[in-house]
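Okay, so the sequence shown: first residue is 946 according to our numbering, each after it adds one.
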Amino acid sequence: MNDALTKVGKRIREIRKAKGLSQEKLGEECGFTFSYIGGIERAENNVSIRNLEKIANALNVELYEFFIDLRSERKLAAKAKQVDEIEELLINLDNKQLAKAKTILFEIFKK
């Protein structure tokens, strides 16, 4: 299942692990039990916004970070890298070669 609870729980787990915290330590910081934190991460507990805010504060992140889809960010980062590589190739061309490259690209991607 790929619903909101699953996505938020997964993000909390990713952030918690990136910060080197156990479920127990995060629970202590928030005033929750480790089993409650585990239940959130496994999408077994329907967590309130207030409790999400406590978790965000304990992790020292903004609340919206629990709702970011990292797959989209990674895809954008990969595309940005490819665009940078293409840009580097184009920068090294003289004007005549650049005009050819532009013509080729327009032909390939014309709609």
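Where a beta carbon is used, it is the ideal one built from N, C-alpha and C, also for glycine.
Fair warning: this is a prediction, and the values are worked out from it, not measured in the lab.
**OP:** With DSSP collapsed to three states, give me the class of N1002.
**Re:** helix
Original post:
Measuring CA to CA, which of I1031, Q1027, A1025 and V1006 is closest to I960?
Top reply: V1006
Original post:
If you count every other CB in all the chains shown that lies within 10 Å of the CB of A1003, and 16 or more means buried, which is it?
Top reply: Buried.
**OP:** May I have the straight-line CA-CA distance separating L1057 from E1010, to the nearest angstrom?
**Re:** Because the chain is modelled from 946 through 1056, residue 1057 falls outside the range shown and cannot be assessed.
Original post:
So the alpha helix (DSSP H) N1040 belongs to, where does it begin and stop?
Top reply: N1040 to F1054
**OP:** Report, in whole angstroms, the separation of the C-beta atoms of G983 and Q968, which I expect to be a contact under 8 Å.
**Re:** Approximately 5 Å separates the beta-carbon atoms of G983 and Q968; this is inside 8 Å, confirming the contact.
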